[in-house]
Amino acid sequence: MRFSELSSYLERLEKTASRNQMTEILAEFLGKLSVDEVDKACYLVLGRLGPLYETVEFNLAEKMMIRVLAEAFGVDDKEAWQRYKGTGDLGVVAEQLRVSFGRSELRGGLSVEEVFAKLLEIAGAEGTGSQEVKVLKMAELLRSLGSLSNRYVTRIPLGQLRLGFSDVTLIDALSWVFKGDKSVSDEIRAKFNICPDIGLLAVKLRRKGLRDLKEVELAVGHPIRSALAERLPSAEKIVEKLGKFAVEPKVDGLRVQIHLSKSSKFKAQSSKSDNQNDLFGKESGIDPDVLVRIFSRNMADSTHMFPEIVVAAQKLPVESAILDGEAIAFNPDTEEFLPFQETMQRKRKYRVVEKSKKIPLKVFVFDILFLNGRSLLDESFVERRKGLEGVVRGGVIELIRHQVVSSQDKLRELFDLYISEGLEGVMCKKLDTPYQAGARNFDWIKYKRGTEGKGLPDTVDGLVLGYYAGRGQRAKFGVGAFLVGVYNSDSDIFETVAKVGTGLTDSQWEEFMKRVKGLQVKDRPKQYLIDKALTCDFWVRPGLVVEIDADEITRSPVHTAGRDLEVEEVRDSGMSLRFPRLVCFREKQLEEVTTAKEILAMYRMQKK
Ligand code: ATP
């Protein structure tokens, strides 16, 4: 496919707000692509150059893009800036400049694959003089494309493509291509949970349809979507729900998914493997022949942050494994766990080894998903735990404590014990279920300090959708309140759940403004479902996640959370948080935002 044709599809997608129409347009588009290009096209329409977990950084910010446009179309930087001020969108500026440049619409033009390869090359330029190389190559690329393509190709390196949908809508579109409806979306989504690479899944489907998709399996080196926990408000409810179950301490640190392979085949496959030694220097004790990858909860490759975990994992007595656990900072003298903020200091790019000595970590592993070449996902929790016990021997990587209980008294006793040790609470796990990648259900139930007797059984991780200008005292900050949304994973949209205007300190308001800077957009993003009564003065594109506490969840005539879930309790109304207040700003990804279904589950819990 020519890139110009892809651009026409992007234009159609940009013009529609209807989710169904988007899915249909995407299905028509996907149906026209060949096996060789379908993966690249999937990444491009999502504004990326690879799967979610392989973020390719362009390092091409707005200032540099201005230089690109000046270079490409023979204008000076000032003119490009002027136009940018007028339109607020460098994509549109590129499109306008391309038209004035003349010889506008090129016959034929570059293919999707060619544009993809060029963008990859631009992103990959490194070292001295690389900025200049990026500017020149990007300018050359823009010159060789038509005006509409300029609009979209300019937005990609800036992270501004944002057509208002995510992998979830693409999954529905793929189902449409093969069945003409959404009937195989669930099957594709189940594969996406263990192989979150939409491009790869599209290739498989394109090649042999659903038959090829069935072969998609868990693989070392590729993160899988973590299993997540539901909540219940009391020990009584947990025992009622689970009967006999396992209780583990709930450790408040960073989720780590550790992938390990001693096989040379894996080494050859892994593009990043060569620099494992370079990551931490020769003194680190790392064995260059044993591959370790550590992924965070949102599947980012965090290997470079944790040298001591890499060394410890390499020593495990296995050929290959994938472990799920939580890393927490501790004081080596007192053996006490440190608060979450201390652990967070280990999330860094620089001075990693130095910090690892000052703030050492321990990993408590609570699950094993793969062992010596075999997936354990379908094994029961009890069987997986047995597997884990044979692998983990203690030290930096330790087995999490574990007791099987069936009474409220025993559960409370363990809860009190772990709290007294400075832990966050307990995780209760069903004994006979498989590992459900990407699912949040009652197979795992979290029960945290401060939950019992509280109206709301957990805090909400919401997305900031926009904000309102400050009046009176707040005028000095430029913000008086902000609008918070939750994610509707069925429709791939964000729905409002709270307007937060109280409880922030002056410095938190200042921090709020700092964090929304760079995320502000002129128009309401299409992915937001907002009642007119809550229209914001300023819109914020998806990017800032906040943890919100509240007294309870109530039905609301103006908030949209859950409005289209089609359930009796919230028919014709949405749900909202009563007395919402900010707990903190979170370093979370969009995929981790609380969903409308979770809000509904918490709402139902209150009623019981
Ligand atoms: P979630 O991860 O469920 O979206 P969250 O990020 O708000 O929620 P919490 O609600 O505090 O975090 O708890 C869930 C997290 O607790 C898990 O994702 C995991 O990182 C961590 N955790 C700690 N101990 C355990 C354990 N024993 N078993 C499973 N997860 C644990």
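Sequential numbering of the sequence shown, starting at 22, is according to our numbering. Quick reminder that beta carbons are idealized off the backbone N, C-alpha and C, glycines included. Just so we're clear, the structure is a prediction, and the values are computed from it rather than from any experiment.
In the three-state scheme derived from DSSP, where H, G and I count as helix and E and B as strand, residue 419 is classed as strand. Within 7 Å of the C-beta of residue 326 there is not a single heavy atom belonging to ligand 1. Residue 568 is a Cβ neighbour of residue 480, given a cutoff of 8 Å. Residue ranges of uninterrupted alpha helix (DSSP H) with 4 or more members, entirely inside the stretch 182-222 and ordered along the chain, are 188-200, 206-215. DSSP places residue 487 within a strand segment (E or B) once states are collapsed to three. Of the candidates 136, 378, 170, 170 places its Cα closest to the Cα of residue 115. Contact between the stretch 327-344 and the stretch 372-391 is established, with three or more Cβ pairs separated by less than 8 Å. With contact defined as three or more Cβ pairs closer than 8 Å, the stretch 347-362 and the stretch 270-281 are in contact.
For the pair residue 259 and residue 421, the CB atoms are not nearer than the 8 Å cut-off. For residue 137, the uninterrupted alpha helix (DSSP H) segment begins and ends at 133-145. Residue pairing of residue 322 in beta bridges, as defined by DSSP: 316. Taking every protein chain shown into account, the CB of residue 332 has 16 or more other CB atoms within 10 angstroms, so this residue is buried. Taking a 10 Å sphere around the C-beta of residue 278, we find 16 or more other C-beta atoms and assign the residue as buried.
The distance from the Cβ of residue 552 to that of residue 579 is about 5 Å, consistent with a contact at the 8 Å cut-off. Judged by DSSP in its simplified three-state form, residue 393 adopts coil rather than helix or strand. According to the DSSP assignment, residue 409 belongs to no beta strand (DSSP E) but to the alpha helix (DSSP H) extending over 402-410. Judged by DSSP secondary structure, residue 446 falls within the beta strand (DSSP E) whose first and last residues are 446-451. If you check the CB distance, residue 518 and residue 506 come in under 8 Å. In the DSSP assignment, residue 574 falls within the unbroken beta strand (DSSP E) covering 573-577.
In this structure, the beta-carbon distance from residue 347 to residue 385 falls below 8 Å. Taking each of 317, 369, 502, 232 in turn and checking the Cα distance to residue 602, the smallest one comes out for 502.
In the structure shown, the three-state DSSP call for residue 278 is strand.
Comparing C-alpha distances from residue 254 to each of 621, 476, 201, 276 shows the shortest one belongs to 476. In terms of Cβ geometry, residue 208 and residue 461 do not form a close pair [threshold 8 Å]. Only exposed fits residue 608, as fewer than 16 other CB atoms lie within 10 angstroms of its CB. Each residue's CA atom was taken as its position, placing residue 623 and residue 584 some 15 Å apart. Residue 610 holds the alpha-carbon nearest to the alpha-carbon of residue 485 among 198, 383, 401, 610. Cα atoms of residue 83 and residue 257: separation of roughly 55 Å, rounded to the nearest angstrom. DSSP places residue 413 outside both helix and strand once states are collapsed to three, so it counts as coil. A buried status is given to residue 334, since no fewer than 16 other beta-carbon atoms sit within 10 Å of its beta-carbon.
Annotation for residue 570 indicates a beta carbon at 7 Å or more from all heavy atoms of ligand 1. For residue 436, the CB stays at least 7 Å from every heavy atom of ligand 1. The count of Cβ pairs closer than 8 Å, one atom from the stretch 132-142 and one from the stretch 53-71, reaches three, so the stretches are in contact. By the Cβ-count criterion, residue 371 is exposed, with fewer than 16 other Cβ atoms from all chains shown falling within 10 Å of its own Cβ. A straight line joining the alpha-carbon of residue 262 with that of residue 464 spans about 10 Å.
Under the DSSP assignment, residue 430 falls in the alpha helix (DSSP H) whose first and last residues are 429-441.
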